[in-house]
Structures are given as C-alpha cells and as structure tokens.
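Number of protein chains: 2
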Amino acid sequence: MELSERKQKILRAVVEEYIASAEPVGSKTVLRRSGLACSPATVRSELADLDREGYLEQPHTSAGRVPTAKGYRLYVNELMRERELTHEETEAITSKLRGNSVRPETLMEEIGHMATELTSYPALTISSPTKATVKRFDLIYLDPNSFIIVLLLSSDGVKNKLVRLPFSFTENTIKRLSAVFNSSFTGIPEEQITPELINSTERAVGDTMGLTSVIAGFVIETLTTSHSGGANVSGEANLLKLPEFKDPDKAHKLINYLSDSKNLRALTGQGEYGDVRVLIGPENAALELRDSSVVLASYNAGDGMRGLIGVVGPTRMDYSAVAAKLGFIAEGLSRLLGGGSAPPSGFGKLMIKGDDRDV
Amino acid sequence: MELSERKQKILRAVVEEYIASAEPVGSKTVLRRSGLACSPATVRSELADLDREGYLEQPHTSAGRVPTAKGYRLYVNELMRERELTHEETEAITSKLRGNSVRPETLMEEIGHMATELTSYPALTISSPTKATVKRFDLIYLDPNSFIIVLLLSSDGVKNKLVRLPFSFTENTIKRLSAVFNSSFTGIPEEQITPELINSTERAVGDTMGLTSVIAGFVIETLTTSHSGGANVSGEANLLKLPEFKDPDKAHKLINYLSDSKNLRALTGQGEYGDVRVLIGPENAALELRDSSVVLASYNAGDGMRGLIGVVGPTRMDYSAVAAKLGFIAEGLSRLLGGGSAPPSGFGKLMIKGDDRDV
DNA sequence: TTTAGCACTCCAACTTTCCGAGTGCTAAGC
DNA sequence: GCTTAGCACTCGGAAAGTTGGAGTGCTAAA
Chain P
1 MELSERKQKI LRAVVEEYIA SAEPVGSKTV LRRSGLACSP ATVRSELADL DREGYLEQPH
61 TSAGRVPTAK GYRLYVNELM RERELTHEET EAITSKLRGN SVRPETLMEE IGHMATELTS
121 YPALTISSPT KATVKRFDLI YLDPNSFIIV LLLSSDGVKN KLVRLPFSFT ENTIKRLSAV
181 FNSSFTGIPE EQITPELINS TERAVGDTMG LTSVIAGFVI ETLTTSHSGG ANVSGEANLL
241 KLPEFKDPDK AHKLINYLSD SKNLRALTGQ GEYGDVRVLI GPENAALELR DSSVVLASYN
301 AGDGMRGLIG VVGPTRMDYS AVAAKLGFIA EGLSRLLGGG SAPPSGFGKL MIKGDDRDV
Chain S
1001 MELSERKQKI LRAVVEEYIA SAEPVGSKTV LRRSGLACSP ATVRSELADL DREGYLEQPH
1061 TSAGRVPTAK GYRLYVNELM RERELTHEET EAITSKLRGN SVRPETLMEE IGHMATELTS
1121 YPALTISSPT KATVKRFDLI YLDPNSFIIV LLLSSDGVKN KLVRLPFSFT ENTIKRLSAV
1181 FNSSFTGIPE EQITPELINS TERAVGDTMG LTSVIAGFVI ETLTTSHSGG ANVSGEANLL
1241 KLPEFKDPDK AHKLINYLSD SKNLRALTGQ GEYGDVRVLI GPENAALELR DSSVVLASYN
1301 AGDGMRGLIG VVGPTRMDYS AVAAKLGFIA EGLSRLLGGG SAPPSGFGKL MIKGDDRDV
C-alpha cells in the first residue's frame, strides 16, 4: 500500500527530527519541519494513521511520535534524500587513503578509525576469508641452526617466519628443501596439504630431522589463519555519548558483543561490493543488536576477496550521511586494493540495500 | 610518623572493605572485619585520627570513611598482604603462554585479553621502542617486474614487502642489489642510512632505475616503525560495570584517553623488569587518570627491550590480586621472550614500587 | 584510655505535587 | 468529505516534601 505524499512528508519529517533530537516528535514540530500548509490537527490525524499502520509509535499516550523499525525502513528505502559529501569530507577520505603507504597490517585499523571519526559511531572492519594458496616458496639460510621461511600468497601477501632449531643443518639441505617445497606446495589449497603429502616430501628430500613437518606446519598455519578473515572495532566509547546508551549496562552489553570478532564476522553477508547494506534494529539476527542499527559497505579487496566496513549505532542514526560516507570509503578502498578490476556499474551511486528477510 | 598497630589494622580493614563494597565504611563494619577487641566508639576515635592525618576521608559528615590516595599508598606499601595466586590462576596463565605458538603480531593482544579476563579491568600492553638494525638482508626475485624484500632484524623479527614496479629488471640485478645491501645496510641504525649512503650504493650497483631508493625507503620505514613500540588496550567495557563509572561521561573520557596509543606510551617509565609499579589516583601525571589507578608490570622482551603489561581501574582496586596476577604474567612473558638472560634476583617475589614523585 | 549513651547530621529512597507538552475527540466550516 | 478550532484529558518528569536509618562526635562515667 502506498502512502499519500503528505504522509510521506510527515513520516520523513518525524524520522529526521527524531534523528536530530532523540525526542518524540509532536505535531507542531512536524509542521515546522515539513513546511506543510495545514494545521496541527490535520497532522495529528495523519500521525494517528501512520501510528496505526505501524510506521510510528508513541512511548506513551500524550507523547510525540517515534519511528518504528518499519518506519525507518521505509525512510531508508524511499524517503531518504541522498546526502552529498562535502568537499572537505571527500578530501579527508581520499587523502587518507592516498597518504597511507598501505601497510596491510594496520590499514584496516586506520580505516576503521577514520570511519569512527567521520560518523562518530563505533566502526568495524571485516576482511572476508580467503582461499589463499602459496604462490611462491623460499627458504633463506641464516646459520646452521636457523633459517627464514618466506611465503608469497596468491593474494600477494607475504608471510614469513624465523625458524631456529636445536640441531644443525647445512645450507644445501635448506636449498633442497626450498626447491622441493616450491614445486610441491605451491598453488594448492590448505586442505590438500595432507600428512601423505608431507611424508612423501620428507622422503623426497631425504629429511630425517623433521624439518619438513616444521615448514609444512607453518604453511598450514598461514593458510588457515589468512583463511579466517580479520575483524576489528574502534570507537566503541562513542556510544556512551548517545542518550540511548545512558544506561551503562546497555552500552556494556553492546560493546562486549562487538569486541568478539566472531560476532563481527557473523555480519558478513552476501552482496556485491559497492553495496551499502542497512540493518535496522530487529532486522539484525543477533539479539544484542536488536535495538541498534548497522550500516555496512562492502569493498573489493582484490583477488575476488570482499571486505566490509561498517558502523553500529542506535536505530536513530543519520542513515543518509553514514551510508554516503561508508560508501565513499568503500569505493576508495576498492580502488586502492581491488587493483585493475573495474567496479560494478553504478559504483559510487550508492545502492542502498536492505535486508531481505521478513521483519 | 609511624601509625600504631591498631591504626594500621583499622586502616587496612577500611581499605579492604571499601575495595570489596565500594561503600563508605563505618566503625561497626571495621570492627567486624578487623576482629579488634574494642568498642565501636574506640574505633570511631581512631577513625577520626586517621581522617585528620589524611589517610581517610568522609564523603560527608555522618557517613563512613573512604580511603584517600595517601591511605591507599600506605596500604599498598606496607599493609597489603601478598596475594597468593591459586593453582587454577597460575595454570591458566602458564598454559596460555605455553599454548600460544608465539605469533608475535597477536601475542600481546592475547596477553592483554588474558589480563582483562583475570582482573576484570581494562588491560593495556606496551612494547618498548627498540633501536633495531638489519641483521640480514635478502631480495627474492619473482618476475621481471617484482621482487620481495626480506629483512631480518636484530630483534629477530622478520619484515618483508612485495615490490611491484612498472618497469622491468633482471634476476641478476636483483641478486647484485641483494648482495650490496646485505653488506652495506646491515648492522647500522636508522640514522646512519643517509642520502649519501643511498647514493653511493646506487652508484656501486650501477642502478639507474631507482631500485636502490625504493629498497632503502623500505628499510628506513621498517626501522622507524619498529622503533616506536606498539601499544594496545582491551576490555575497556569492563569499566562500565563499576559503580565509579556509572556516569557514562566519566567512562567515556577515560576510555577515549586509553584508546590513543600516544597516551599509553606515556606510561612507560624507568624500572627494571620484574617490577610492579602502582600509580594511585593523583599520582598519575595525566589528568584523565587522576581518579583512577594504574598497575604496571614490566617484562623482559628480549634483546634488552622492556615491555609493560598493566591494568587501569578505580582507585578502589584490588591491588594485591592485580599486582600478583600481572607480576606472574610478566614473569612468564619474560621467560617466553627474554630468552636466555636470567631474571633479576627476586623476580617473582613481586617488588611493588610506587611512584617517586611527591604527591 | 575505653566505653556507653545520646543528640545530631545527612543522604537516599520514597511520596506527593505540579506543570506542560501533546494527544484524541467533537463540532463547526469550507 | 476533508480540514480546523476548541477543549478535556493523559502522562511523564521535574521539583519539593517526607521519612528512616546509618553513622558521627561529644560527654561523662568506668
């Protein structure tokens, strides 16, 4: 059922006013904000309708109206005006991305901080799990007791480890190991590194000291840990400034929930990069997020990997500004990390996608 | 001036009761807790004395007593009974340290989590800055446009970078570069890597493509970033459960302060590893910490580096348990990271050191 | 020096009062 | 039929008032 234009205007006014003030919105305020040419009484009857239809609700009789999740949903899907970023904002983001000399360990953390700063909500970043393989294998001989393992992964990440052992070996052994590993452990996914493969490699090299299994162990560890993507949060303290979290216990529960990266990874969903997903209150699967909203933008992290950057806040969130900012960051990240691959058409136009589940 | 034994017992009872209950402590409660054989009236007059001498204070007339910073200080220095860790606690710590396959990137973070869990206060870890040098230098040739730089640092950390350039070079060039760098860039601190050195290296190799400066740039970056030690916090949300942080604003300020690693690094002080430092309320230099306490244990991170692990909490903190736990963790870490070097005598006996500044 | 007794203080929790913003309803007007 | 002015009503929340109990300091006697 379609809402009349006037109802839409009123709903928009209520949502935007509530987002700004966190106070229930009354008929007079709606009038002031929407600029409609009618009386408060008319607005009141319209408000009562929107209330009946489930878009608004009253904290108690004789209070103003507050949007419901359904109301926010309609607002986000149809009523929200696209927020243009100011030049300062785009500049801040692009310069940050450019300026960063791409130290992959800290990049996502810094991006998270930037998102927090820009939106003043806690920000989270999630790197999708990858099916990495080893692209190139090297051992660097140091001395009779130690060598370095260097792995170049299919994602172009480089991992290494210094191995120091209580017995000695020759440079030649290391060279031979390096060659054998380079031919038999490259290009295969983690699950194909079976005990049999390790055994046969061991025999092929004539290794009697267990070097092979040490090295294979590192390969497996590297592939599995790079497999489960990383996740982090920043700016949790910002929640405390919001009136909806004046109860420390509420804040505590949410922050706790966010601080477990397992929970964050559960937010990973399907969707093309370029999407901005908005999950409003009860649309969230997790109980702890049921009266908060999450906005997630996904980016192309190169090599077919997707990553997410998002923020968490009260349902009363400035969706349009947040979505625009996150979308822009994700776009920049895709350019930075995604390499040559062209972004999907419409990238940057910001496609807001909601959850498909019934509410 | 020495306190009479009875006064000491009373002070201890007040501190310990207040730590446990967070409520001002009255004369009857002191009596119950201390087991002294006298009447409440006697205790009252003693309390009044301790009040006059600055060890205790009253939130208001006709309330019980609360320890002052001076009171806590005396308690920590002289009155506190050493807390023995239970077998479960020591077991939890040692097994965690043993179980950890020492992935240096995440080790300190995990240790921080452990400290939070054990003490239920926010935990922080700080790795001291190092003067690292390059111990060994390698370039791995991949294809005409790319190679990997591998640096073995004096701290035995290994750093690497994949370099991909828009022009091509031969495997031989890379080999030559590797040899030259390995001889001229190893063993020297960052400040000796001057433009002159880079220029002369460039000439020596006959490099006209700028490869030398790319590589030198990475070396410098690595040495300077490993130079400024890392810091991190975990478990900030735990503050919210404490009555002293029921005001979200207070919690917000403190959490914000802690989330800036610059501020954390400012906590680094002198002292041998093996020390446990306790900073009580106003003893803290930072304004934001003035009504909180910080307990810091330092550990030997090997190679002459020191690291800190600590927790932040209200002045009403269970100092003896916290100090014991942190001390034990630091001890374990020292053994894990500090390698062969023997711990200073008395390690594990837990030397509590206060701040030397006047209060 | 200790202790019992007592008057006094003051917070915290609970009620009560009061105000105003905002509603829904009704009846008149366009 | 939609809109609007008028009006009685509701309800939360701030302000003010009330009460009880825990705890104190002082005094005088043991």
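Protein chains in written order, with our numbering: chain P, 1 to 359; chain S, 1001 to 1359. The beta carbon of each residue, even a glycine, is placed where N, CA and C say it ideally should be.
query: For the beta strand (DSSP E) that contains G313 of chain P, what are its first and last residues?
result: R306 to P314
query: Candidates S:G1210, S:L1254 and S:K1262: which alpha carbon is nearest G1281 of chain S's?
result: S:L1254
task: Tell me, please, whether the CB atom of S1259 of chain S is closer than 8 Å to any CB atom in chain P?
output: yes
- request: Assign F328 of chain P to one of three DSSP states: helix, strand, or coil.
  value: F328 of chain P falls in the helix class under three-state DSSP.
- prompt: Comparing the C-beta of I1174 of chain S with each C-beta of chain P, is any distance below 8 Å?
  reply: no
query: Rounded to a whole number of angstroms, what is the C-alpha to C-alpha distance between D1156 of chain S and K161 of chain P?
result: 10 Å
- prompt: Using the C-alpha atoms, what's the distance from V1294 of chain S back to D1318 of chain S?
  reply: 11 Å
- prompt: So which residues on chain S does K378 of chain P lean against when the C-beta distance must stay under 8 Å?
  reply: With chain P represented from 1 up to 359, any question about residue 378 of chain P goes unanswered, as that position is not in the structure.
message: Rounding to the nearest angstrom, what Cα-Cα distance links R176 of chain P and T194 of chain P in this structure?
response: 21 Å
message: Rounded to whole angstroms, what is the Cα-Cα separation between A323 of chain P and L279 of chain P?
response: Near 12 Å, if we compare the C-alpha coordinates of L279 of chain P and A323 of chain P.
message: Closer than 8 Å is the cut-off here; do at least three beta carbon pairs connect the stretch 3-18 of chain P with the stretch 62-82 of chain P?
response: At 8 Å Cβ cutoff, the stretches touch.
Local conformation of F1147 of chain S per DSSP, three classes: strand
task: Report the rounded CA-to-CA distance for K1246 of chain S versus E1110 of chain S, giving the unit in angstroms.
output: 28 Å
message: Counting only beta-carbon separations shorter than 8 Å, does K1291 of chain S have a partner in chain P?
response: Residue identity check: residue 1291 of chain S is Asp in the sequence provided, not Lys. With 8 Å as the cut-off, D1291 of chain S does not count as an interface residue toward chain P.
query: According to a CB-to-CB cut-off of less than 8 Å, which residues of the stretch 1037-1065 of chain S neighbour chain P?
result: none
- request: Please classify D1318 of chain S: does DSSP put it in a helix, a strand, or coil?
  value: coil
task: Alpha carbon to alpha carbon, how far is P189 of chain P from A179 of chain P? Give it in angstroms, no decimals.
output: Going by C-alpha positions, A179 of chain P is about 19 Å away from P189 of chain P.
- prompt: Could you give the distance in angstroms between the alpha-carbon of N1199 of chain S and the alpha-carbon of E1221 of chain S?
  reply: 18 Å
Local Cβ density within 10 Å of R52 of chain P, reported as buried at 16 or more and exposed below that: exposed
- prompt: Since M1108 of chain S contacts S1127 of chain S with CB under 8 Å, what's their CB separation in whole angstroms?
  reply: 6 Å
query: Do we get a CB-CB distance below 8 Å when we pair F1347 of chain S with the residues of chain P?
result: Bear in mind that a pLDDT of 45 at F1347 of chain S, under 50, signals an unreliable position, so the model cannot answer this.
field: Contact list for P1189 of chain S against chain P, beta-carbon separation under 9 Å
entry: Correct list: empty, because the minimum Cβ distance to chain P is about 21 Å.
Identified DSSP bridge partners for E1089 of chain S: BP columns for E1089 of chain S are empty, so no partner.
- prompt: By how many angstroms is the C-alpha of N1238 of chain S removed from the C-alpha of R81 of chain P?
  reply: 39 Å
message: Please state whether the Cβ-Cβ distance between V1312 of chain S and L1258 of chain S is less than 8 Å.
response: Closer than 8 Å, so yes.
field: Distance between K1131 of chain S and G1302 of chain S (C-alpha atoms, nearest Å)
entry: As the crow flies, the alpha-carbon of G1302 of chain S is around 13 Å from that of K1131 of chain S.
message: Within the continuous alpha helix (DSSP H) that includes R290 of chain P, where are the two ends?
response: No alpha helix (DSSP H) holds R290 of chain P; DSSP gives it neither H nor E.
- prompt: Leaving out the 5 sequence neighbours to the left and right, which residues in its chain are closer than 8 Å to L1047 of chain S when beta-carbon positions are compared?
  reply: I1010, V1014, S1027, V1030, L1056 and R1065
field: Selected residue, minimal CA-CA separation from I174 of chain P, among P:L151, P:L153 and P:T212
entry: P:T212
message: With a threshold of 8 Å between beta carbons, is S4 of chain P in contact with chain S?
response: no
- prompt: For A237 of chain P, which residues in chain S fall below 8 Å Cβ to Cβ?
  reply: E1236, A1251, H1252, I1255, N1256 and S1259
message: I'd like the list of long-range same chain contacts for G1332 of chain S, defined as Cβ closer than 7 Å, with 5 residues on each side in sequence excluded.
response: I1093, T1094 and L1097
- request: Look at the alpha carbon of S34 of chain P and the alpha carbon of T42 of chain P, and state the distance between them as a whole number of angstroms.
  value: 13 Å
query: What residues from chain S crowd round N160 of chain P, counting only those whose CB sits closer than 7 Å?
result: Result: V1150, V1158 and N1160.
The alpha helix (DSSP H) enclosing I1255 of chain S, as first and last residue numbers: P1248 to L1258
8 Å Cβ cutoff met for L308 of chain P and T268 of chain P: yes
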